[in-house]
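Take a look at the structure set out below.
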Amino acid sequence: MSDFSTEHIQQLLERMATDLHAHLARRGIDDYLLVGIHTGGAWVAEALQALLPGDTRLGTLDISFYRDDFSRRGLHPNVKPTTLPFDIDATHVVLVDDVLMSGRTVRAALNELFDYGRPASVTLAVLFDIGQRELPFAADICGEHLALAPQQRVELRGPAPLAADILTLKA
1 MSDFSTEHIQ QLLERMATDL HAHLARRGID DYLLVGIHTG GAWVAEALQA
51 LLPGDTRLGT LDISFYRDDF SRRGLHPNVK PTTLPFDIDA THVVLVDDVL
101 MSGRTVRAAL NELFDYGRPA SVTLAVLFDI GQRELPFAAD ICGEHLALAP
151 QQRVELRGPA PLAADILTLK A
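Quick note: the sequence shown uses full-length UniProt numbering, first residue 1, plus one each step.
Structure (structure tokens):
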């Protein structure tokens, strides 16, 4: 049994889509790109794309080579290609991830994104924020804020249907 059911995740995604649409409208942004961070963020971005009005373009980033802990962790065996089938220069980008924790994934994603060009703006949307920040990043759009113990993490399961579990790491 999951801690966050498919129905709960769907409700969070629907609220995120509504909040994102309103956020972009307040900023006068009607043309933007949706870019999901592999793997969970790509799943969330795809689900959001289906809920957002219009024909939103979708891309994905694999930040494996941009992580600052690459030397300790090594290359993940399932590295996926970055797919940005559009020009990001002077374009508004909505960067999507499943969980915002330390901020290091967001930093790596921004580094890779800027290797492809200079966006007009970047909006950060996350499904869960567990607030264990090491770098000063905050989500513009968040499905749910969770107060987890330092040894706890959220793991998204997908791609469809999406569900999530709270895991406790062994010391």
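Where a beta carbon is used, it is the ideal one built from N, C-alpha and C, also for glycine.
Inter-residue spacing [alpha-carbon to alpha-carbon] between residue 49 and residue 81
20 Å
Whole-angstrom distance between residue 10 and residue 144, CA atom to CA atom
12 Å
Does the contact criterion of 3 or more C-beta pairs under 8 Å hold for the stretch 101-119 versus the stretch 56-64?
yes
Beta-carbon contacts of residue 34 that lie in its chain and below 6 Å, excluding the five residues immediately before and after:
45, 49, 56, 58, 94
Return the CA-CA distance between residue 134 and residue 106, expressed in angstroms with no decimal places.
11 Å
Give the DSSP-derived three-state secondary structure of residue 128 in the structure shown.
strand
Just reading off the beta strand (DSSP E) that residue 82 is part of, what are its end residues?
Taken as a continuous stretch (DSSP letters only), residue 82 belongs to no beta strand (DSSP E), as it is neither H nor E.
When 17, 31, 65, 41 are compared against residue 160, the one with the closest alpha-carbon:
41
Which whole-angstrom value is the C-beta distance of residue 129 and residue 100, which I expect to be below 8 Å?
5 Å
Express the C-alpha separation of residue 32 and residue 85 in angstroms, rounding to a whole number.
13 Å
Which residue marks the beginning of the beta strand (DSSP E) containing residue 224, and which one marks its end?
Nothing can be reported for residue 224: it is not among the residues displayed for the chain, which extend from 1 to 171.
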